[in-house]
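Contents: one structure, followed by commentary.
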Amino acid sequence: MANATIYVGFAVPQLLRGACRIFPSHSALVVLRHSAFCYCTVNGTIKSKRKMDHLERTANNFRQEVISQAKVCGITNESETVKRLRLAIANKDFTFKAGQWVDFFIPGVAVVGGFSICSSPRLLEREGVLELAVKHTVHPPAHWIHTECTLDSEVALRVGGDFFFDPQPGDSPVNLVLIAGGVGINPLFSILLHIADLQGYQEGKGNGYKMGTVKLYYSAKNTSELLFKKNILGLVNAFPGKITCRFHVTQQSSQICKELQPHVTEGRISEKDLEKHVSKDTLWYICGPPPMIESISKLLSNIGVPRNCVFFEKWW
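Position 242, counted from 1, in the sequence shown is what UniProt numbering calls 242; the numbers after and before it change by one each time, with no gaps.
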C-alpha cells in the first residue's frame, strides 16, 4: 500500500506509524439514495471483556490519508464533565463530512484518541476551525484534554468514519430522525448544523439541497448533561416546522427550567415516540452507547423500519 501523506509539526509516535496506511475506500461501502450513505447493521452485544482502543475498533472504517497539525484556539466547559475544544486546522486540504470523527494525536501520549466532530463542515470552510466536545474519562487522550490541554496546545488530526450525511444539490429531500444518547449527540449535532447551513445556503442562492423535516430525540441522565441544548433550541426556532426536538431525561432530580419544559420528557425514548415518523422517505441516524443502539435498532425493526434506512455510530 502507498504511504499516507503526513502534515504534522511533530513526529507521530513510532507505534502509531502502522495506523497511517490508507484504509479501505468508499468503493467498498454500500451506497443508498445518496453517495454518502453507508449501510450498517447491528452485530449484537459486545462480548469481549477487554475494551478495544480507538484504532482497533475503527480499523475497517474509512480514513483519509492526510494528517494535519492543529492548534487549540478555544476551550469552554460544555457541561460539568464535557469540554468543548475549538481547533485551528493548519492544512487547507483538510475536509470532513458531517457526522465523521477524527483520530486525535497528542505529542507525548502514545494512545490515539477518537472523537466525533460536533461542528459543521461550513465552519471549517469559513473560519478554518472545527470543534470537539470531549467527556472526561481516564482514557489518556480524554484525560489529557481535561487536565493538560491549554490554548495553543498543538495536536494532529486525521478524519475518518463511515457515518455521515452529505446530500448533494439536486438530491431528493429526505426526512431525518436523529437519536442521540449522552455524548453521542456530537456527530448528530454536526449533521443538524450542516442541514441548517445547507438550507440557509439554498434560501440565499436559490439552489442546492432542499431539506425535509428533521426530528431530534436526545436522551441523557438529566438536563445538565444535555449538550448544546441552547444551540439546538435556537435551530428549532430558526426553522419552525422543519427542525423539532425532544429531550428525554432518565434520572432528573431537580426541577426542569421553564425554557426547557416544553421540550422535555421524563423517561426513555419509546416505540410510541418513534412510530409516528415511519415512512419510505425517512432515514434514521443513531449514536450512543451500544446497549442503547441495540435497543433502538430492535425497536425500529419492530415498527417496520427497513434496516437499510438505519445508520449508527457505536463508540463505547
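Beta carbons are placed, not taken as given, at the ideal position from N, Cα and C, and that holds for glycine. On a predicted model such as this, the values are computed, not experimentally measured, just so you know.
Of the listed residues G170, V183, G182, D166, nearest to L176 (C-alpha basis):
Taking the first residue of the sequence shown as 1, we reach residue 176 at position 176. With distances taken between Cα atoms, L176 lies closest to D166.
Determine the contact status of I179 and C287, defining contact as a CB-CB distance below 9 Å.
Numbered from its first residue, the sequence shown carries residue 179 at position 179. Numbered from its first residue, the sequence shown carries residue 287 at position 287. In this structure, C287 lies closer than 9 Å to I179 by Cβ.
What's the C-alpha gap between A156 and L233?
Position 156 of the sequence shown holds residue 156. Position 233 of the sequence shown holds residue 233. Computed Cα separation, rounded: 32 Å.
Looking at C-alpha atoms only, which residue of I296, K242, H248 is the closest neighbour of L226?
By 1-based counting over the sequence shown, the position of residue 226 is 226. The candidate whose alpha carbon is nearest that of L226 is H248.
What does Q251 pair with, by DSSP beta-bridge criteria?
As a first step, residue 251 must be located in the sequence shown, where it is residue number 251. None; Q251 has no bridge partner.
Please state whether DSSP places G74 in a helix, a strand or coil.
The residue you call residue 74 lines up with position 74 of the sequence shown. It is a strand residue.
Out of curiosity, what's the CA-to-CA distance linking A98 and L130?
Taking the first residue of the sequence shown as 1, we reach residue 98 at position 98. Taking the first residue of the sequence shown as 1, we reach residue 130 at position 130. About 11 Å.
What residue range does the alpha helix (DSSP H) around E127 cover?
Numbered from its first residue, the sequence shown carries residue 127 at position 127. Element bounds for E127: 121-127.
Beta-carbon gap between D53 and V111 smaller than 9 Å
Walking along the sequence shown from the start, residue 53 turns up at place 53. Walking along the sequence shown from the start, residue 111 turns up at place 111. It is a contact, given that the beta carbons lie within the stated cut-off.
In chain order, what residues of the same chain have a beta carbon less than 6 Å from the beta carbon of R122, not counting five sequence neighbours either side?
The count along the sequence shown starts at 1 and reaches residue 122 at position 122. The answer, listed in chain order, is D197.
Any idea what DSSP makes of C309, helix, strand or coil?
Taking the first residue of the sequence shown as position 1, residue 309 is located at position 309. In the structure shown, C309 sits in a helix (DSSP, three-state: H, G or I).
Keeping to the same chain, check which residues put their C-beta closer than 6 Å to that of G212; ignore five residues upstream and five downstream.
One-based indexing of the sequence shown puts residue 212 at position 212. Within the same chain, G212 has close Cβ partners P173, V174, N175.
Among Y285, G170, L151, nearest to T76 - alpha-carbon criterion:
Along the sequence shown, one-based indexing puts residue 76 at 76. That would be L151, whose Cα lies nearest to the Cα of T76.
Taking buried to mean at least 16 other C-beta atoms within 10 Å of its own C-beta, is Q168 buried or exposed?
Here residue 168 is taken as the residue at index 168 of the sequence shown, counted from 1. Counting Cβ neighbours within 10 Å, Q168 comes out exposed, since fewer than 16 surround it.
Using only CA atoms, which one of N186, K71, P141, G128 lies nearest to E78?
Within the sequence shown, residue 78 is the residue found at index 78, counting from 1. Comparing Cα positions, the closest option is N186.
List in chain order: all unbroken beta strand (DSSP E) runs of 3+ residues lying wholly within the UniProt domain "FAD-binding FR-type" (65-192).
67-77, 82-89, 101-106, 109-116, 129-135, 154-160, 175-181
Beta-carbon proximity of K277 to V236, cut-off 9 Å
Along the sequence shown, one-based indexing puts residue 277 at 277. Along the sequence shown, one-based indexing puts residue 236 at 236. The sequence shown places His at residue 277, rather than the Lys named in the question. No, these two residues do not count as a Cβ contact at 9 Å.
Within the continuous alpha helix (DSSP H) that includes L55, where are the two ends?
As a first step, residue 55 must be located in the sequence shown, where it is residue number 55. Unbroken alpha helix (DSSP H) run through L55: 54-57.
Do H136 and V72 have their C-beta atoms closer together than 9 Å?
Counted from its first residue, the sequence shown places residue 136 at position 136. Counted from its first residue, the sequence shown places residue 72 at position 72. No.
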